[in-house]
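Residue numbers (this note's numbering): 186 to 388. Glycine included, C-beta positions come from ideal geometry on N, C-alpha and C. Comments concern the structure below.
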């Protein structure tokens, strides 16, 4: 089944993110899958654990109401196109891994065009072709049935615990208050991470 998210909502997501791109579309479809499998944010206590920091994470925030500040959006810097969703109320969850072959036919050309754009050597024809590939991928990701777009599996980890309010300790170097779980001990002193990194020099 193609994307079921209303175009007006998609337009709002694009406005929220700042631009339209294939990566954003991937996030829209991942969030759509979460809503279909687990339910809406009004009915569930959704948690998203994303294994990438790409554009699509903004779509996940917008559609699932999982945000960094609420502690129900967790980023794991693995560089994988994988998205984990849970319902804290039931303990249900799944991991959706984008199928790697979905863009094989355009990846080599797209990578070369992106390199030229980054270097400032892209011609107008290169720019037009890159935009064409972007549109091709976006439409493909919108049209694909979710089961063809993602491999769905059991999550590798259990549902994350809710965020906790911890005591703040004063860093004995800079004097700034720091959450207890983010402090380090060095030379008998309690230090924040930046101050710890400044003195703990590994050869």
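- Residue 380 holds the alpha-carbon nearest to the alpha-carbon of residue 370 among 224, 380, 361.
- With fewer than 16 other beta carbons inside 10 angstroms of its own, residue 260 counts as exposed.
- Annotation: the continuous beta strand (DSSP E) that includes residue 338 extends over 335-338.
- For residue 282, there is no enclosing alpha helix (DSSP H); the residue is part of the beta strand (DSSP E) that begins and ends at 278-283.
- Residue 222 is positioned such that its CB atom lies no closer than 8 angstroms to that of residue 280.
- As DSSP reads the structure, residue 259 sits in a beta bridge with 234.
- Nearest in C-alpha terms to residue 247, of all of 262, 231, 236, is 231.
- If you keep only unbroken alpha helix (DSSP H) runs of at least 4 residues inside the stretch 306-345, you get 309-328, 331-334.
- In chain order, 371 place their CB closer than 7 angstroms to the CB of residue 384, counting only its own chain and leaving out the 5 sequence neighbours on each side.
- Distance check between residue 330 and each of 345, 250, 283, 292 places 283 closest, using alpha-carbon atoms only.
- The secondary-structure analysis by DSSP pairs residue 355 across a beta bridge with 362.
- Residue 271 is bridged by DSSP to 232, 278.
- Taking a cut-off of 8 angstroms on C-beta distances, the stretch 211-220 touches the stretch 235-251, as three or more cross pairs fall below it.
- Comparing alpha carbon positions, the residue from 353, 244, 256, 347 closest to residue 218 is 244.
- If you look at residue 374, you'll find it in the beta strand (DSSP E) that goes 374-376.
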